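Chains as they are written, first to last, in my numbering: chain A, 19 to 97; chain B, 19 to 97; chain C, -4 to 240; chain D, 13 to 773. Glycine is no exception: its CB is placed at the ideal position from the N, C-alpha and C atoms. Since the model is a prediction, treat every value here as computed from it, not as a measurement.
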Amino acid sequence: MRARVFVTLKPSVFDPQGRTIADALQSLGYDGVADVRQGKYFELDLATTEAARAKALAAEVADKLLANPVIETYRIEVD
Amino acid sequence: MRARVFVTLKPSVFDPQGRTIADALQSLGYDGVADVRQGKYFELDLATTEAARAKALAAEVADKLLANPVIETYRIEVD
Amino acid sequence: MKFGVVIFPGSNCDEDAYHAAKDVFGQDAEYLWHKNTDVKGADVVILPGGFAHGDYLRTGAMARFSPIMGAVRAFADRGGPVLGICNGFQILLEAGLLPGAMLRNKGLKYCCQHVYLRVERTDTPFTAAARAGQVLRIPIGHGEGNYFAPPETVEKLEANRQVILRYTDPQGQINDEWNPNGSVGAIASICNERRNVVGMMPHPERACEPLLGGVDGRLIFESIVQTLRSAESLALQPSVVGRAS
Amino acid sequence: MIDLQVLQRHGLTREEYDRIVEFLGREPNLTELGIFSVMWSEHCSYKSSRVHLKTLPTKGPQVLQGPGENAGAVDIGEGLAAVFKIESHNHPSFIEPYQGAATGVGGIIRDIFTMGARPIALLNSLRFGSLEAPGTKRLLEGVVAGIAGYGNSIGIPTVGGEIVFEPSYSGNPLVNVFCLGIAKASDIIKGVASGVGNPVYYVGAKTGRDGIHGATMASAEFDEKSAEKRPAVQVGDPFMEKLLLEACLEVMRTDALVGIQDMGAAGLTCSTTEMGSRGGAGVEIDVSFVPQRETGMTPYEIMLSESQERMLLVAKRGREAEVERIFEKWDLHAVRIGEVTSDGVLRVKDRGSVVAEIPNRALTDEAPLYRRPATEPEYLREAQRLDLESLGDRSPEKRPLHGTGRVARGFQSGGDFLALLGSPTIGSKRWVYRQYDHMVRTSTINLPGMGAGVVRVRGTDRALALSVDGNGRYCYLDPHRGAMLAVAEAARNVACAGARPLGATNCLNFGNPERPAIMWQFAKAVEGIGEACRALDVPITGGNVSLYNETDGHAIYPTPVIGVVGLLERADRVVARRFREPGDAIVMLGDSRGELGGTEYLKVIHGLVRGVPPALDLAAERALQQLLVALSEERLVRSAHDCSDGGIAVTLAECCFDTAGMGAEVEIDRVRVAGNDAVNVAAALFGESASRVVIGVAPDDVTAVLQRAAAASVPAKVIGRTGGNRLRIAVAGETVIEVSVGEAERVWLSAIEKYFVKRVA
Ligand SMILES: Nc1ncnc2c1ncn2[C@@H]1O[C@H](COP(=O)(O)OP(=O)(O)O)[C@@H](O)[C@H]1O
Ligand SMILES: [Mg+2]
């Protein structure tokens, strides 16, 4: 199965990359883009075929390695 | 509206970052993780309330700034 | 006394730290391979700069799982002095030996240059030889040195006087223009509550010899040498400065 | 099966194909054709350039390794060798700036450590179009970030380089990277396969379908169709390279190794063939043992893949376990893929059955060799004409030949001076080198921006000074002289640091050699390099040729880039660019002749690329360089800065920068190059006569310096004194420039930075 993990900075943490992109877009004339936040995206190929198992495994991996709880949160999707 | 843009390396392009994470997980005993691909994830806050408009705008921005068409592809979700 | 310098795969300032300890300050020094599970009797452990495990995911994220980190933690728990420089600081944060996290530099670019640092605290084994308020000129070289911690944590750091160095202008005044990476509170270095574990983004080992254009980094090494020496001569117990073995 | 179309796709001509058939005595299969195509590509075979390169001086008592190996080497005393080389990654960097530049750095580092040397310094030489032009900023940002991203993570300091912005490079930027390493002279390792039955190992990243046909791509002009070749982009993995570097150096410390080579352009094909050929042996491999990243790869793909961070090595039989153990320590797996044979044939098998069989000789020594026709370009005569009298005239028919479109501004020494300081080619490169870790390894004793980069050699009192230089504009106007000037400037920069030039490497960036005008530029430039290297005693120990640098038929300026390495026996004698003490005497070494042809001044102020570049007297140049080294050894000089782009005015300003605003009062001589006196003043200030250096001398040492100079027949004259916080320059008694150093320095510092101001606060 494939699990997808999205890691983003917590809302309270300033995101210099997202901010820079938003500024760049504004200077390019994209006023319609109010804000940008940048995060990381992981696709995990998992050996299991059970969605629940996959989700649990992905969460464990995210807790342990993929996200830093001091600054980041994550979300998981399984398909 | 919010658009979410996922940028990943094209399948043919080597992803040393994902590879290194996969190796690390393996050495931590996560044999169930066969492979990892790493990408970028963007959340765009858009002024529009129309899904089609949002999607088009996000695609334009992705083409222009968020993805490097030479080695990356992207996918967009709107909600 | 003996310096232990950890080598992670991807460390690249290991030789520099070793050279400073051994050749510049005439101390014993030994490399500690990341797969080791002990610190080989070191009196002080340095986690050097570099890109441990490539740092592709997050700086320091993978290094904290290395077997040596268990030994470093145990050493620190016994009161042993640990210094994390640059990537070493990032690893200490990821390992939870110090609070907070690193974000990308505010300018989003890697930044290699000399900076000015004000010594905030001299009650750590790595700043004992400095004067409070003294301004040091030492190089940095990093892309992710933008120190961040939640407000409560920062308050606690300040209250406990755990901020050791801050980025300032040449006169020692805090000024956004002279904060090279956007760190909260212009924080360049912190210690743990017990004050024996110190992380710093600047590279003192790059400023120990006149030929390299500055010697302000010597203070950091002189501090630890002096601290360990007086600990030895007073035969102090591990509560102040721990002996590893 | 093999028709003309297939040949074309492989970049082979009908005649070349016939040659292949003749060698093999049969038709090649497709795998074999692929192997021939990459080995006979311009990139690997040097088929257009070899006849010229052979004329370069490559010998000298100091040379330990000349061209032909992965890198050259010179003796630096105490049993040590400096191993160095330069490489281009122009095309890949244009397609994908970050990865192109990053993998370029990766490649040159492998060339150095393959020789058994620990890499200790990097330089880069970059050319872009005007920063005003669309796309340049993005290219510059990507290339610089790529060089930084790779070099920084491996922990090799980037200690210098150069960057030039010229419209000529807008469709074809140049990214040349130089690496230097240190080895024990007795332990230099070669890329040889020998000893029948010795195992051949593959180690490093797995093989994917990356860059198949990369080598042939680098040998074809860009056109609109090149977009289709884009999947040829490779992604660098500096972490893997760091592991390879450490593991290989550790293996080399045993004596279990016979030879080693990295898999660069043309991957497995090139490494197996070249190693066999150098060792007078054959190599037989089975591609099914090659670690693969993708499924279903054919032998053709495996042989031609250009996946990065891979090494091929030959170990001594019986020592396998030792070699494998060291790689395991670094979490790498060395895989045995074949062995050395006696028959001089490259034999490729797939699960036991032979899929290609070609004599090495056919791929290397017998590769085609062309003496392509060369004729003087048509533009040349006209471009060399420079009418100084009409410089101020801005009537439409006097429009510049290759103007930048700027309106000429007339003659205002002060304004012109600031305009030059603020031009990106002259201005500070801090924005760039701040992104490079230039202090890792705690050995950099002249930081970037201080002239030649200088690194000490750990464990000794010695240091090495390094510089890369080239001036495409000069070469466009006179390739022979321009190339000589590049050699002279690189060696002079090294001598300014107090180092004696020992050897050189060169990267020859030119257009399509099938055009006689380009070939003429190439031949003349190589002649010039040879002449200058002979006269200055800096043999060429290696280099790289990059041809077909053109887009839609527009070639770049011919751009030979020269890297010179010099030795300081005492590191503490190192000399840098900036003035040291107020009250010091400022001494000008060399003659100013007010030469304006091809100068930055003509280009920036008048929008002209015209005239002939400055003359070069190689004997005078050599005397100057020897004097500089002697002065530094005797500690008679406190600062030294080469007079190049922007002439003496810019040089003096640069000597004042990074000194916390120390100024200088200077008086220079008048020159007479035109009837118009304004032109004469400009020529005195901004002319770029070669073989000149501005030095700072303690007052007590002035007499000694002038004596030494006289004895060496080097013109020397006290032209002023340091002090105050203003720079004042008078020409023949009349003050023509007077600025606060602080103001001038701000202009200079922001020359590139101003294009990137919008940043998160
Ligand atoms: N791409 C670069 N990378 C690192 N350093 C650079 C680069 N370009 C220029 N520099 C540094 O800036 C200084 C000025 O460069 P340049 O104008 O070419 O000097 P010079 O005229 O002495 O050859 C040198 O010290 C050089 O090393
Ligand atoms: Mg130069």
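Legend entry - Heavy atom of ligand 4 within 7 Å of C/M64 beta-carbon: As far as ligands go, the structure on display features ligand 1 and ligand 2 and does not contain ligand 4.
Inset, instruction - Kindly confirm or deny that the stretch 462 to 473 of chain D and the stretch 485 to 493 of chain D touch, where touching means at least three C-beta pairs closer than 8 Å. - result: no
Inset, instruction - Determine contact between the stretch 676 to 691 of chain D and the stretch 609 to 618 of chain D, defined as no fewer than three beta-carbon pairs at a distance below 8 Å. - result: no
Inset, instruction - Starting from D/M252, follow the beta strand (DSSP E) in both directions and report where the run begins and ends. - result: Note, D/M252: premise wrong, no beta strand (DSSP E); alpha helix (DSSP H) at P250 to R265.
Legend entry - Buried or exposed by the 16-neighbour rule on C-beta atoms within 10 Å, applied to D/S644: buried
Legend entry - Residue environment, C/I169, which counts as buried when at least 16 other CB atoms sit within 10 Å: exposed
Inset, instruction - Could you tell me which residues DSSP puts in a beta bridge with D/G84? - result: D/F96
Legend entry - Proximity winner among A/D63, A/Q35, A/L83 and A/D49, relative to B/L64 (alpha-carbon distances): A/D49
Inset, instruction - Could you spell out where the beta strand (DSSP E) holding D/A145 opens and where it closes? - result: Neither: D/A145 is in no beta strand (DSSP E) and is coded neither H nor E.
Inset, instruction - Can you grab the Cα-Cα spacing for the pair D/M674 / C/P134, in whole Å? - result: 23 Å
Inset, instruction - Closer than 9 Å, Cβ to Cβ, to anything on chain B: give me those residues from the stretch 246 to 273 of chain D, in chain order. - result: Q246, V247, G248, D249, P250, F251 and M252
Legend entry - Contact between the stretch 221 to 230 of chain C and the stretch 20 to 27 of chain D (3+ Cβ pairs under 8 Å): no
Inset, instruction - For D/H345, count neighbouring C-beta atoms within 10 Å of its own C-beta (all shown protein chains included) and say buried if the count is 16 or more, exposed if not. - result: exposed
Legend entry - Run of the alpha helix (DSSP H) containing D/C519, from where it starts to where it stops: Per DSSP, D/C519 belongs to no alpha helix (DSSP H); it is in the beta strand (DSSP E), R512 to N521.
Inset, instruction - State the beta-bridge partners of D/G732 as determined by DSSP. - result: D/I598 and D/V678
Inset, instruction - Establish whether the CB of A/G47 and some CB of chain B are separated by less than 8 Å. - result: no
Inset, instruction - Taking C/A71 as the query, report the chain F residues whose CB atoms sit under 7 Å from its CB, ordered along the chain. - result: Any reference to chain F falls outside this structure, whose protein chains are A, B, C and D.
Legend entry - Span separating the alpha-carbon of D/S752 from that of D/A676: 10 Å
Legend entry - C-beta neighbour in chain C for D/D343, strict 8 Å: yes
Legend entry - 8 Å Cβ cutoff met for D/G118 and D/S182: no
Inset, instruction - Buried or exposed for A/R93, please, with buried defined as at least 16 other CB atoms from any protein chain shown within 10 angstroms of its CB. - result: exposed
Inset, instruction - Entirely within the stretch 130 to 198 of chain D and at least 4 residues each: give me those alpha helix (DSSP H) ranges in chain order. - result: 148 to 166
Inset, instruction - Return the residues of the stretch 31 to 44 of chain A that lie within a Cβ-Cβ distance of less than 7 Å from chain C, sorted by chain order. - result: V31, P34, Q35 and T38
Legend entry - Check whether D/Y445 and D/S180 have beta carbons under 8 Å apart: no
Inset, instruction - Taking only beta-carbon positions, decide if D/G223 is within less than 8 Å of chain B. - result: no
Legend entry - Cβ contact check for the stretch 513 to 525 of chain D and the stretch 552 to 570 of chain D: 3 or more pairs under 8 Å: yes
Legend entry - Contact check, C/T54 vs C/P94, beta carbons under 8 Å: no
Legend entry - Cβ shell of C/I182 (< 7 Å), same chain only, five flanking positions each side left out: Y142, V158 and R161
Inset, instruction - Mind the definition here: the stretch 10 to 24 of chain C touches the stretch 196 to 203 of chain C only if three or more C-beta pairs lie below 8 Å; say whether that holds. - result: yes
Inset, instruction - Specify, as a first and last residue, the run of the alpha helix (DSSP H) that D/N688 falls within. - result: D/N688 -> no alpha helix (DSSP H), and no H or E assigned at all.
Inset, instruction - Quick one: residues in its chain with C-beta nearer than 7 Å to the C-beta of A/I89, no 5 flanking neighbours on either side, listed in chain order? - result: L27, K28 and V31
Inset, instruction - Determine, using beta carbons only, whether D/D449 comes closer than 8 Å to chain C. - result: yes
Inset, instruction - Could you tell me whether the Cβ of A/A74 comes closer than 8 Å to any Cβ of chain B? - result: no
Legend entry - Under 7 Å from the C-beta of C/F60: neighbouring residues of chain B: L46
Inset, instruction - Starting from the beta carbon of C/L103, find every residue of chain A whose beta carbon is closer than 7 Å, and list them in chain order. - result: P34, Q35 and T38
Inset, instruction - May I ask you to report which of helix, strand or coil DSSP gives D/E501? - result: helix
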